[in-house]
Amino acid sequence: MGILVHSDVVFFHQLACCCGSASCSLCCSCCPMIKTSTGTRVMYALYHILGTIVCCLMLSPTVAEGLKEHIPFYSDFCKTIQAGVDCERLVGYAAVYKVCFGMACFFFIFFLLMLNVKTSKNCRAYIHNGFWFVKFVVLTAMCAGAFFIPDQDTFHRAWLYIGAGGAFLFIIIQLILLVEFAHKWNKNWWAGTGQNKCWFAALALVTLSLYSVAVFALILMGIFYTDPDGCMLNKIVLGVNGGLCLIVSILAITPCVQKRKPNSGLLQSGVISCYVMYLTYSALASKPAEYIMRDGVNTTICVPQILGKGIQTDDKLVSVLGAIIMYGCVLYACLSSTTRSSSAALGVSRTPIVKPTVSNYEVDGDEKGTQKVIHNEKQGVVYSYAFFHFVFFLGSLYVMMTLTNWFNYDTAALEKLFVRGNWSTFWIKMASCWICIVLFAWTLIAPMCCPQREFTA
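Position one of the sequence shown corresponds to residue 2 (my numbering), numbered consecutively onward.
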């Protein structure tokens, strides 16, 4: 009898989570405690992950062929649901546009709904933190409804430019968060040097490692992505980006910068240099190859010679790894943008910080046999609900544009996403490099240009 009562309590608690305003938790009481704010963000991240996985499956010709071969009466089923021959309306870049349209609309509606929510006792906050099954149904309906939009050609053209604008704004937010992370890392480690001198050794070791990686990457790209008879653009890009990294590194340790910004040092510039080298490599790998006549033979240049000699890589493996890395960066940007320091760096957080004292917390769940939930928003929200949804809205657009090769969407396929070059991807990644350097340089010189203003980074 006790077991039945216990199971009923667990069932009704999870039902309240899915269809009511109760905070979400796992069924097992052995799981570690989780904060309400954390659990909510994880649930929205799972929604976004699920939508991205669906987009990847729709963009994969391998998956489409597998379904056609292994599902009986596949063609008849596609005709029944009016999805075209072999479900052609459910695959390709157009399907990805529609699913991401549904996701983006879902998060944008919640962005508007959550504007100016200051307390978790607001009725809109209950919607934000609960009703998970209802919201999942709404998200699914919005994604499915996008497939019934009339005048598909006009929709695709308009959504392409909206997606490009939103995706580029997401890239800027991502880069601001990276710069903020570099400054915060250096500030925290410098604070440790006052108590333990071993932090100096750690700072020196990490800084040396970062610059070693950056220089080594620059040398390797100079070897594999240039050629004596061509690749002039690659040579210019490597020279410019390497020179810019050197300039900001010198700028970070100049006396005039360190006078206004004592925590400035080579650790931040080392982080930025490594990331710029990664973006440079990613851009060069996304650039179409060049061809020249050498000894009467049409020769491929500006790509690693191991590929030029006909040694093939596993395209599927490279694509999957590239997609995982790409989405990992998206998820980090979406979730980290809601922390207090990151929100301040983005100019979002303006509410006073609620100190995390024990009296501000309520713990729920253990007596129900479920995971303990810490209600850490008893006296006020700990992050901006509206901005959280806005970043996920932009993240949906960024995923859409990345998966569909930006402006070369006609040839988009998951298996070719990170192994076939196109110029639009190349220039967007190069622009990201330069914006990243400009943002970092501005954080160094801003205290000198605006001495009356207080800067958080």
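We put the beta carbon where it would ideally sit given N, CA and C, even for glycine.
D228 has G231 as its beta-bridge partners, per DSSP. When the Cα atoms are used, L209 and Q175 turn out to be separated by approximately 25 Å.
Under the 10 Å beta carbon count, D411 is surrounded by fewer than 16 other beta carbons and is classified as exposed. Contact check for F171 and L332: beta-carbon distance about 12 Å, past the 8 Å limit, so the pair fails to qualify. In this structure the region 106-124 does not touch the region 54-66; the number of beta carbon pairs closer than 8 Å is below three. Judged by DSSP in its simplified three-state form, I163 adopts helix. The beta-bridge partner set that DSSP reports for E291 consists of I302.
Under the criterion of beta carbons closer than 8 Å, A442 and V249 qualify as touching, at roughly 5 Å.
If you ignore the 5 residues before and after W160, its C-beta comes within less than 7 Å of the C-beta of Y98 and F102, all in its own chain and listed in chain order. Contact annotation: V277 and C56 have beta-carbon atoms that are not nearer than 8 Å. Only buried fits W407, as 16 or more other CB atoms lie within 10 angstroms of its CB. Using a Cβ distance threshold of 8 Å, S337 and L211 do not count as a contacting pair. Within 10 angstroms of the beta-carbon of D77 lie fewer than 16 other beta-carbons, which makes it exposed.
In this structure, the alpha-carbon of K36 lies about 27 Å from that of M327. Between the region 234-245 and the region 212-223, the count of C-beta pairs closer than 8 Å reaches three or more; the two stretches touch. In the three-state reduction of the DSSP assignment, K119 falls in the coil class. When rounded, the separation of the alpha-carbon atoms in K185 and P452 is 21 Å. In the DSSP assignment, R261 falls within the alpha helix (DSSP H) that extends over P256 to R261. In the three-state reduction of the DSSP assignment, K198 falls in the coil class. Separation of T155 and K80 (C-alpha to C-alpha, rounded to the nearest whole angstrom) is 25 Å.
Ranked by how close their Cα comes to the Cα of A147, the residues C106, I273 and N130 have C106 in first place. In the DSSP assignment, S433 falls within the unbroken alpha helix (DSSP H) covering W424 to C450. With respect to the C-alpha of S274, the residue from V214, L206, L395 and F132 having the closest C-alpha is V214. Taking a C-beta distance under 8 Å as the contact criterion, V118 and V382 qualify as a contact pair. Note on geometry: alpha-carbon atoms of L280 and I163 lie some 24 Å from one another.
For the set L47, K188 and M449, the Cα lying nearest the Cα of F134 is the one of L47. Just measuring C-alpha positions, the residue of S425, G193, L268 and I150 sitting nearest V180 is L268.
Taking 8 Å as the cut-off, the Cβ atoms of C335 and V392 count as close. The beta carbon of S433 sits closer than 6 Å to those of I172 and L280, all from its chain and outside the five residues before and after it, given in chain order. Annotation: the continuous alpha helix (DSSP H) that includes R125 extends over C124 to N130.
Around the beta carbon of C144, 16 or more other beta carbons lie within 10 angstroms, which makes this residue buried. Between K262 and the set W200, M294, N187 and N423, the nearest pair of CA atoms involves N187.
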